[in-house]
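K.L.:
Mind looking over this structure? Questions follow.
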Amino acid sequence: MAGIGNDLFFATIPELNARLKSKEFSAQELARAFAGRLEQLGPGYNALALPLPQQAIRQAREVDQDIKRERLRGPLQGIPYGVKDLLSLAGQPTTWGAKPYAGQVFDYNATVIDKLAGVGAVLAGKLSMVELAGGGGYRYASASLTGPGLNPWDRTRWSGGSSSGPAAAVAAGLVTFAIGSETSGSIVTPASYCGVTALRPTYGLVSRYGAMALSWTLDKLGPFARSAEDCGLILQVIAGSDAKDPGSAGKSFYYTPQYARPLKDLRMGYAPADFTEWAEPAARPAFQAALAVLQQTGMRLVETKMPPFPYGAVLSTILAAEQASVFEPLIASGKVDELADAAQIAGLKASLEVPAKDYLKAMRVRRLIQEAFSTLFQEVDVLLAPGRPGPATSIDQPLDRAGTAPATAPQDPGFRSIVPAGNLAGLPALVLPCGFAENLPLALQVVGVPFSENLLLAVGKEFQARTDWHKRRPPGV
Amino acid sequence: MKLTRRQLATALTSAAALAQTPSGPPAAPGEELKAARDRVAANGAALAKQEVPVATEPAFQFKA
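Chains P and E, in that order, are what the protein sequence lines are.
Counting with my numbering, you get residues 24 to 500 for the letters of the first sequence.
Counting with my numbering, you get residues 85 to 148 for the letters of the second sequence.
Structure follows, in structure tokens:
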């Protein structure tokens with residue numbers, strides 16, 4: 024196919040859309056190229072749950088007709104993407120990454136998929152995930168119907184989870200963007216490990232309708248993409264009120280980089296220990312260099328302390344109680360034993376025994392956590408932490424091993440608990456690739472107050488104007 | 085048996101490494117379930133220690 028060079032598989036949304044509009048190639052040609060690439064290379068990373076080449080070409084044909092009639096629908100028109108296989112697509116299997124649900128088919132689309140179809144985005148495939156988004160607590164990367172997510176940078180390393188497929192597929196240029204989800208870490212971790220820009224939106228900003236529920240009060244859907252700007256363009260489409268989602272915040276999102284506050288006016292809270300003592304030694308130089316870049320933007324880095332709460336216990340209790348209700352039929356029927364990971368099976372069974380008083384106590388502490396972060400954000404505008412303290416782990420490594428923790432715990436706990444804390448408070452987070460350690464990606468996460476996505480994206484856009492980590496490609500793809 | 089200084093240093097380092105490394109994964113499903121139940125109980129114990137003002141309501145709302 025003339026015009027479809029390898030560079031296009033790693034192009035941003037505006038780049039691809041401009042070249043479509045200038046008729047360098049048709050949307051159908053682009054869809055065939057991406058769908059073919061996804062089908063050919065996706066299994067090599069265990070990233071593909073279901074190829075959708077015919078769906079993609081059908082949607083692309085409509086895009087070509089629309090473009091011909093100058094019916095332009097915005098920057099995502101004609102752009103190939105994938106979705107984590109917890110999003111329902113009418114008439115197609117939605118496996119939730121789990122053997123007991125391998126044949127599950129819904130007769131409706133997730134709202135996010137409908138919204139993306141409405142602007143002419145082209146769905147090329149469903150992407151792999153950790154079984155049931157890992158809520159029971161999985162020990163191994165192999166906790167998935169499709170096997171362990173393999174990192175495109177090094178297939179002996181994990182892609183991260185539970186949005187394994189979305190992160191790997193974007194990193195390897197198999198789709199231009201992907202939709203994943205996070206309950207606690209499932210966007211931040213794989214984005215960090217695969218060196219991909221990603222956004223965890225404010226809770227309630229993006230409709231959960233049609234997405235597998237793991238924890239009704241913690242689940243969020245968000246984009247993996249080539250850049251912060253791309254994340255903003257995607258969020259503008261997928262965000263918005265939805266009466267079918269009881270947790271919908273009833274708010275829209277408009278990506279407005281032109282109104283971004285000057286970064287020199289911003290205070291960025293951080294804990295130095297996160298980038299030194301808590302970071303893996305191999306990662307520290309890259310983290311220090313990234314901090315220097317952020318300082319060069321004029322932002323003030325302010326040493327900040329995280330409010331002290333038992334974040335792990337609070338999040339684990341809420342997650343356990345809510346998932347127990349969601350998956351009670353699975354557990355009671357015994358089909359939970361068909362899952363791949365023994366720790367996950369046990370965790371789901373034990374979750375049925377969470378006392379109601381513990382769940383309610385956790386939800387009350389959660390209120391205090393929200394209030395404490397609201398107070399914290401009076402002193403700073405955003406928070407900064409590593410996405411992960413080091414590069415991707417080996418696919419064979421038990422995930423509950425304390426292998427990466429320092430031998431002697433630093434006195435300052437830093438923002439090590441920012442992932443559970445941010446999810447408990449419903450805060451948005453932007454993941455930004457920021458360097459390498461051992462030839463594997465590293466990332467930062469920038470966290471803000473609810474509905475501050477434009478601010479986070481402005482920080483991300485400036486960081487990415489000064490660096491090129493987000494443009495790097497895994498070797499051999 | 086008298087240890088050389090090198091042998092003593094090696095023994096102490098190994099012991100420290102073992103102490104830091106969590107015990108290997110339980111082999112039997114019964115042990116996995118017990119471990120999971122223990123985690124639920126430990127989370128409950130951690131929550132019990134957290135003081136919460138009596139007027140603090142859970143972070144969800146029901147509206148008619």
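Beta carbons are placed, not taken as given, at the ideal position from N, Cα and C, and that holds for glycine.
Predicted model, so just to flag it, every value in this text is computed and none were measured.
#1: From S250(P) to Q127(P), what does the alpha carbon distance come to, in whole angstroms?
#2: Quickly, what does DSSP pair Y277(P) with across the bridge? List them, please.
#3: Using a Cβ cut-off of 7 Å, pull out every chain P residue sitting near L130(E), in sequence order please.
#4: DSSP three-state label for W181(P), please.
#5: If we define contact as Cβ-Cβ less than 8 Å, is M329(P) a contact residue for chain E?
#6: Near R489(P), what residues of its chain come up, given a Cβ to Cβ distance below 8 Å and the 5 sequence neighbours on each side ignored?
#7: Based on the DSSP secondary-structure assignment, which residues constitute the bridge partners of N174(P)?
#8: Could you spell out the range, first to last residue, of the alpha helix (DSSP H) harbouring M235(P)?
#9: At a Cβ threshold of 8 Å, is F146(E) touching chain P?
#10: Give the straight-line distance between the Cα atoms of V377(P) and G370(P), rounded to the nearest whole angstrom.
#11: Do you know how far the Cα of S417(P) is from the Cα of V138(E)?
#12: Beta-carbon within less than 7 Å of V442(P)'s beta-carbon, same chain only, minus the 5 sequence neighbours each way: which residues are those?
#13: Measuring straight from C-alpha to C-alpha, what distance separates D87(P) and E38(P)?
#14: Is it true that the CB of V454(P) sits closer than 8 Å to the CB of S215(P)?
#15: Could you give the distance in angstroms between the alpha-carbon of L447(P) and the alpha-carbon of L338(P)?
#16: Which residues, in order along the segment 376 to 398 of chain P, keep a beta-carbon less than 7 Å from a beta-carbon of chain E?
#17: Can the beta-carbon of A121(P) be found less than 8 Å from the beta-carbon of F200(P)?
#18: Alpha carbon to alpha carbon, what distance is there between A143(E) and E85(P)?
#19: Starting from R2(P), trace the beta strand (DSSP E) both ways and give me its first and last residue.
#20: Go to E300(P), then tell me how far its beta strand (DSSP E) extends in each direction, as first and last residue.
#21: I'd like to check one pair, P409(P) with P224(P): are the Cβ atoms closer than 8 Å?
#22: I want to see whether chain E comes within less than 8 Å of A366(P), judged by CB atoms only; does it?
#23: Does S339(P) get closer than 8 Å to chain E when you measure Cβ to Cβ?
P.N.:
For this structure:
#1: As a first step, residue 250(P) is located in the first sequence; it is residue number 227 there, counting from the start. As a first step, residue 127(P) is located in the first sequence; it is residue number 104 there, counting from the start. Cα to Cα, S250(P) sits roughly 34 Å from Q127(P).
#2: Residue numbering aside, residue 277(P) sits at position 254 when the first sequence is read from its first letter. Note: Y277(P) sits in no beta bridge, so no partner.
#3: Counted from its first residue, the second sequence places residue 130(E) at position 46. Rather than Leu, the amino acid found at residue 130(E) in this sequence is Ala. Those within 7 Å of A130(E) in chain P are P333 and A336.
#4: Counted from its first residue, the first sequence places residue 181(P) at position 158. It is a strand residue.
#5: Counted from its first residue, the first sequence places residue 329(P) at position 306. The C-beta of M329(P) comes no closer than 8 Å to any C-beta of chain E.
#6: Counting from 1 along the first sequence, the entry for residue 489(P) is found at position 466. Around R489(P): V316, Q319 and T320.
#7: The sequence position of residue 174(P) within the first sequence is 151, counting from 1. BP columns for N174(P) point to D177(P).
#8: Here residue 235(P) refers to the residue found at position 212 of the first sequence. Unbroken run through M235(P): none, as it is neither H nor E.
#9: Position 62 of the second sequence, counting from 1, holds the residue named residue 146(E). No, because no Cβ of chain P sits closer than 8 Å to the Cβ of F146(E).
#10: Residue numbering aside, residue 377(P) sits at position 354 when the first sequence is read from its first letter. Residue numbering aside, residue 370(P) sits at position 347 when the first sequence is read from its first letter. Each residue's alpha carbon lies about 11 Å from the other.
#11: As a first step, residue 138(E) is located in the second sequence; it is residue number 54 there, counting from the start. As a first step, residue 417(P) is located in the first sequence; it is residue number 394 there, counting from the start. The straight-line gap from Cα to Cα measures roughly 46 Å.
#12: As a first step, residue 442(P) must be located in the first sequence, where it is residue number 419. Once the five neighbours on either side are set aside, the close Cβ partners of V442(P) are S207, G208 and V211.
#13: The count along the first sequence starts at 1 and reaches residue 87(P) at position 64. The count along the first sequence starts at 1 and reaches residue 38(P) at position 15. For D87(P) and E38(P), the distance between alpha carbons rounds to 17 Å.
#14: To locate residue 215(P), count along the first sequence from 1; it is residue 192. To locate residue 454(P), count along the first sequence from 1; it is residue 431. Cβ distance < 8 Å, so S215(P) and V454(P) count as in contact.
#15: Position 424 of the first sequence, counting from 1, holds the residue named residue 447(P). Position 315 of the first sequence, counting from 1, holds the residue named residue 338(P). Cα to Cα, the separation comes out at about 7 Å.
#16: E376, V377, P378, D381, L383, K384, A385, M386, R387, V388, R389, R390, L391 and Q393
#17: Working through the first sequence from its first residue, we reach residue 121(P) at position 98. Working through the first sequence from its first residue, we reach residue 200(P) at position 177. No; because the gap between Cβ atoms is not below 8 Å, this pair is not in contact.
#18: Looking up residue 85(P) in the first sequence gives position 62. Looking up residue 143(E) in the second sequence gives position 59. Those two C-alpha atoms are separated by around 45 Å.
#19: Here chain P covers residues 24 to 500 and nothing more, so residue 2(P) does not appear.
#20: As a position in the first sequence, residue 300(P) is number 277, starting the count at 1. E300(P) -> no beta strand (DSSP E), and no H or E assigned at all.
#21: On the first sequence, position 201 is the one that residue 224(P) refers to. On the first sequence, position 386 is the one that residue 409(P) refers to. Going by C-beta atoms, P224(P) is not nearer than 8 Å to P409(P).
#22: In the first sequence, residue 366(P) corresponds to position 343, counting from 1. Chain E, which has a Cβ nearer than 8 Å to the Cβ of A366(P), makes this yes.
#23: Here residue 339(P) is taken as the residue at index 316 of the first sequence, counted from 1. Yes, S339(P) lies at the interface with chain E (some Cβ there is under 8 Å from its Cβ).
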